[in-house]
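Let me begin by presenting the structure, written as structure tokens, before commenting on it.
2 protein chains.
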Amino acid sequence: MANGKAAERPLTRIQQKNRQTILDAALDVFSQNGFRGSTLDQIAEVAGLSKPNLLYYFPSKEAIHAELLSLLLDTWLDPLRALDPEGEPVTEIMDYVRRKLELSRDFPRESRLFANEILQGAPRIMEALEGELKALVDEKANTLRDWAAAGRIADLPPHHLIFSIWALTQHYADFDVQVRAVLGPGHDPYAEADAFLETLFRKLLAP
Amino acid sequence: MANGKAAERPLTRIQQKNRQTILDAALDVFSQNGFRGSTLDQIAEVAGLSKPNLLYYFPSKEAIHAELLSLLLDTWLDPLRALDPEGEPVTEIMDYVRRKLELSRDFPRESRLFANEILQGAPRIMEALEGELKALVDEKANTLRDWAAAGRIADLPPHHLIFSIWALTQHYADFDVQVRAVLGPGHDPYAEADAFLETLFRKLLAP
DNA sequence: GTCTATACTAAGATAGAC
DNA sequence: GTCTATCTTAGTATAGAC
Numbered sequence: 020m021a022n023g024k025a026a027e028r029p030l031t032r033i034q035q036k037n038r039q040t041i042l043d044a045a046l047d048v049f050s051q052n053g054f055r056g057s058t059l060d061q062i063a064e065v066a067g068l069s070k071p072n073l074l075y076y077f078p079s080k081e082a083i084h085a086e087l088l089s090l091l092l093d094t095w096l097d098p099l100r101a102l103d104p105e106g107e108p109v110t111e112i113m114d115y116v117r118r119k120l121e122l123s124r125d126f127p128r129e130s131r132l133f134a135n136e137i138l139q140g141a142p143r144i145m146e147a148l149e150g151e152l153k154a155l156v157d158e159k160a161n162t163l164r165d166w167a168a169a170g171r172i173a174d175l176p177p178h179h180l181i182f183s184i185w186a187l188t189q190h191y192a193d194f195d196v197q198v199r200a201v202l203g204p205g206h207d208p209y210a211e212a213d214a215f216l217e218t219l220f221r222k223l224l225a226p
Numbered sequence: 020m021a022n023g024k025a026a027e028r029p030l031t032r033i034q035q036k037n038r039q040t041i042l043d044a045a046l047d048v049f050s051q052n053g054f055r056g057s058t059l060d061q062i063a064e065v066a067g068l069s070k071p072n073l074l075y076y077f078p079s080k081e082a083i084h085a086e087l088l089s090l091l092l093d094t095w096l097d098p099l100r101a102l103d104p105e106g107e108p109v110t111e112i113m114d115y116v117r118r119k120l121e122l123s124r125d126f127p128r129e130s131r132l133f134a135n136e137i138l139q140g141a142p143r144i145m146e147a148l149e150g151e152l153k154a155l156v157d158e159k160a161n162t163l164r165d166w167a168a169a170g171r172i173a174d175l176p177p178h179h180l181i182f183s184i185w186a187l188t189q190h191y192a193d194f195d196v197q198v199r200a201v202l203g204p205g206h207d208p209y210a211e212a213d214a215f216l217e218t219l220f221r222k223l224l225a226p
């Protein structure tokens, strides 16, 4: 009590750093092997910490995974939230496609973590899918419907239009090894995808 | 030797049936949890057999998984193989899209097994991706390029056109629970996808 | 061919020294 | 805060009775 400050529960810098190190290592491992397929040993190995030390910072393997998922969801929905009903329709949608592809390029592990969770039947995020996600998608689907009704974009089923953006952008992160195996060396998948998706959606959205 | 026939190693009917039962149960389990996340206990439970009995029919967990993957690859490539360079371009491609979507609808577990394997870095099928798959895709990409050069379809990067077909059709199997959560009740995802993808690719392919 | 029992290893988590 | 040692359970695989 020398400094006279009552330390409620502030994380020290070293604690913050170690938590980050662990989460980063866990993201590596969970995104490749899924929850059940990952072990604390693997995470500890990647993090350069001992297994008991991991469990000093987090109460359980489950807790590390839960933390990653909840951090993920916000990041994941941000680009869609940014779709502005007052903006120019085609520009707004093309911007969304670009932001989503950038997420795949810059955060492929997060994309694969999410894909793993969905493949496994979304046991830990079903609630968020049916609540938060559905609400946001329904809202933006209405925007798309209005734009179509006004003849500003083609008349397409809005939910499936959104699915197509997810599918096409996330494919480059989730199936990265396949994309690279098929393209062979000397390609920049994301640069090529950017140009291709630009073309695809411009043609698709034209009324 | 009473019957005088040297029994090389023909599988009896009951053996065939049990092998099938095991493979079917394993497909259930592996497609949801990936290889590492799945256990023989789970597979035995679903198959209605004892764990040692599983290992009477297959030498190891690894062997069951390997068998599933090798059965899968052929089925998976068949629709692309069927794309006929002599056919009418748009019809051929639309048929491919439809066949691929039907695979997702009728064999979602196979699609998820494949997705799991790729997400994990394709440790067991990388060779097939770089060999068989790449060769087939390169061949069909040439066909697409020829069609584009002849002005019979739009000029698009052929590999990415094929990726887009994979991404859009497999999404409905791999992300099934998300699709249903977002659409809510009262939808037929595959019927809607069929109509949407028909529209999408017709617009995209128009020269 | 199928089961019970069991060997052996890996994995999640905790105790307690430092 | 971090480590070594350890408990406990789950998981792959095998032995051997029936």
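Protein chains in written order, with the working numbering: chain A, 20 to 226; chain B, 20 to 226.
C-beta: ideal position from N, C-alpha, C; glycine also.
What you are looking at is a predicted structure, and each value in this text was computed from that prediction instead of being measured.
Here the alpha carbons of Lys159 (chain A) and Val48 (chain A) stand approximately 34 Å from one another. The DSSP-derived three-state label of Pro204 (chain B) is coil. Comparing alpha-carbon positions, the option among A:Glu151, A:Asp125, A:Val65 and A:Gln39 lying closest to Thr188 (chain A) turns out to be A:Asp125.
The criterion of a C-beta distance shorter than 8 Å is satisfied by Glu136 (chain A) and Arg143 (chain A).
Under the 10 Å beta carbon count, Leu30 (chain B) is surrounded by fewer than 16 other beta carbons and is classified as exposed.
Counting the other Cβ atoms within 10 Å of the Cβ of His206 (chain A) gives fewer than 16, which makes it exposed. With a threshold of 16 other beta carbon atoms within 10 Å, Lys119 (chain A) meets it and is buried.
When 9 Å is used as the limit between beta carbons, Gly53 (chain B) is near these residues of chain A: Asn52, Gly53, Arg55, Gly56, Asn135, Leu138 and Gln139, in chain order. In the three-state DSSP reduction, Arg171 (chain B) falls in the coil class, being neither helix nor strand.
Counting along the chain, the unbroken alpha helix (DSSP H) around Ile41 (chain B) starts and ends at Arg32 to Gly56. Taking 8 Å as the cut-off, the Cβ atoms of Ala85 (chain B) and Leu73 (chain B) do not count as close. Relative to the Cα of Arg38 (chain A), the nearest Cα in the group A:Val116, A:Ser69, A:Tyr76 and A:Leu68 belongs to A:Tyr76. Counted as a single uninterrupted DSSP element, the alpha helix (DSSP H) harbouring Ile112 (chain B) occupies residues Pro108 to Asp125. The C-beta distance from Pro108 (chain A) to Arg171 (chain A) rounds to 5 Å, short enough to fall under 8 Å. Listed along chain B are Gln197, Ala200 and Val201, each with a C-beta nearer than 9 Å to that of Leu152 (chain A). Taking a Cβ-Cβ cut-off of 7 Å, Glu217 (chain A) has no neighbours in chain B, whose nearest Cβ is about 11 Å from it. In the DSSP annotation of this structure, the continuous segment of the alpha helix (DSSP H) that includes Ile83 (chain A) starts and ends at Lys80 to Arg100.
Ranked by Cα distance from Leu68 (chain A), the options A:Asp157, A:Asp213, A:Leu87 and A:Gln34 are led by A:Gln34. DSSP, reduced to helix, strand and coil, places Gln61 (chain A) within a helical segment of the structure shown. A distance below 6 Å between beta-carbons, with the five flanking residues on each side excluded, links Lys80 (chain B) to the following residues of its chain, in chain order: Leu59.
Collapsing the DSSP output to three states places Phe220 (chain A) in a helix. By the Cβ test, the segment 143-153 of chain B is in contact with the segment 191-210 of chain A, since at least three Cβ pairs between them sit closer than 8 Å.
Taking the beta carbon of Asp207 (chain A) as reference, no residue of chain B falls within 9 Å; the closest one sits roughly 12 Å away. Across the segment 176-197 of chain A, CB contacts with chain B closer than 9 Å involve Pro176, His178, His179, Leu180, Ile181, Phe182, Ser183, Trp185, Ala186, Leu187, Thr188, Gln189, His190, Tyr191, Asp193, Phe194, Asp195, Val196 and Gln197, in sequence order along the chain.
Assignment of Ala212 (chain A) by DSSP, reduced to helix, strand and coil, places it in the helix class. In terms of CA proximity to Leu138 (chain B), A:Ser50 leads the group A:Pro177, A:Ser50 and A:Leu46.
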